[in-house]
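Going letter by letter, the sequence shown gives residues 371 to 626 in this note's numbering.
Glycine is no exception: its CB is placed at the ideal position from the N, C-alpha and C atoms.
Predicted model only: the values in this text are computed from it and were never measured.
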Amino acid sequence: MNRPPETRRAAWHERWQELRPEPLRPFVEVVPGLYQVRTRASRAYLAVEERITVIDTGAPGSGERILEAIRELGRSPDDVADIIITHGHLDHVGGLPELQRRVPARAGIHLAEAHHIDSDDPLPNPFTHPLLARICEPYLQWVDPGRARIDVYLRDGDEFPALGGMRIVHVPGHTPGSIALHFEERGVLIVGDAMQYRFGRLMLPHRLFTQDMAQAAASIRRLAELDFDTLCFSHFRPIVCDADLRVREFARALPA
371 MNRPPETRRA AWHERWQELR PEPLRPFVEV VPGLYQVRTR ASRAYLAVEE
421 RITVIDTGAP GSGERILEAI RELGRSPDDV ADIIITHGHL DHVGGLPELQ
471 RRVPARAGIH LAEAHHIDSD DPLPNPFTHP LLARICEPYL QWVDPGRARI
521 DVYLRDGDEF PALGGMRIVH VPGHTPGSIA LHFEERGVLI VGDAMQYRFG
571 RLMLPHRLFT QDMAQAAASI RRLAELDFDT LCFSHFRPIV CDADLRVREF
621 ARALPA
């Protein structure tokens with residue numbers, strides 16, 4: 371049965387509010403003290419208190435965008451204490467060498483991927499499809515950011531003081547060392563690429579870049595056990611209210 375025109379218009383208005391581009395600002399405050407920064411090919415986050423924690427660094431060339439956001443917040447690069455990387459794909463770690471030349475902070479990534487970053491070898495090819503991997507290999511070699519220093523090898527359950535407490539949650543699947551960051555006191559979960567949020571729906575991570583989809587689904591089921599109100603992604607707009615309920619509903623629908 372066709373819906374009345376006013377119902378259809380309301381539905382389209384709701385969908386547009388979900389999809390419409392955000393204003394072209396270098397950063398936006400998600401919750402007090404947590405800022406999402408537009409970087410090349412991704413998003414980074416700044417957890418800002420007396421010291422600053424940078425979460426992900428975007429693709430190569432993103433370092434200046436992060437520094438610009440820090441300066442616009444009235445802070446200095448010297449205020450950055452930690453740089454935490456959610457996983458070792460180019461669009462998340464590519465800006466790290468550039469940022470390390472300007473910021474005296476320690477950098478951390480899960481121990482399963484640290485050897486890829488602190489190495490003179492190029493980053494691993496992220497494509498899981500063999501043909502796409504071969505086609506894209508020359509470009510990936512050309513844009514590879516080079517070696518970055520890793521100071522902290524992260525493990526599941528590690529804690530940092532940012533925003534009242536930030537706990538590392540190991541969520542393998544997209545990559546072996548993928549992590550999420552749980553700010554329990556603030557009710558925030560940053561998931562990197564462990565999930566997608568398209569057209570108002572939660573989805574599994576992109577199959578072209580995910581090494582183990584069954585493991586990724588298991589990681590989502592684990593995240594569904596956490597309590598949080600706001601859910602932040604690396605490529606999508608945040609869910610700012612009742613996000614844990616939506617993740618639990620999504621996790622129940624995943625195949626066992």
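Here Arg568 carries a strand assignment [DSSP, helix/strand/coil].
Taking 8 Å as the cut-off, the beta carbon of His457 is found closer than this to the beta carbon of Gly562.
Judged by DSSP in its simplified three-state form, Ser446 adopts coil rather than helix or strand. Of the other Cβ atoms in all chains shown, 16 or more fall within 10 Å of the Cβ of Pro496; this residue is therefore buried. Beta-bridge pairing by DSSP links His480 to Leu524. For Arg591, the uninterrupted alpha helix (DSSP H) segment begins and ends at Met583 to Leu593. Within a 10 Å sphere around the beta-carbon of His462 sit 16 or more other beta-carbons, which makes this residue buried.
Shown here, Ile454 sits in a strand according to DSSP, grouped into three states. A contact between stretches requires three or more CB pairs, one per stretch, nearer than 8 Å, and the segment 533 to 543 meets this requirement with the segment 582 to 595. The three-state secondary structure of Glu419, taken from DSSP, is coil. Linking Gly535 to Leu501 through their CA atoms gives a straight-line distance of about 43 Å. Counting only residues of its own chain and dropping the five nearest sequence neighbours on each side, Glu442 has a CB closer than 8 Å to the CB of Pro396 and Phe397.
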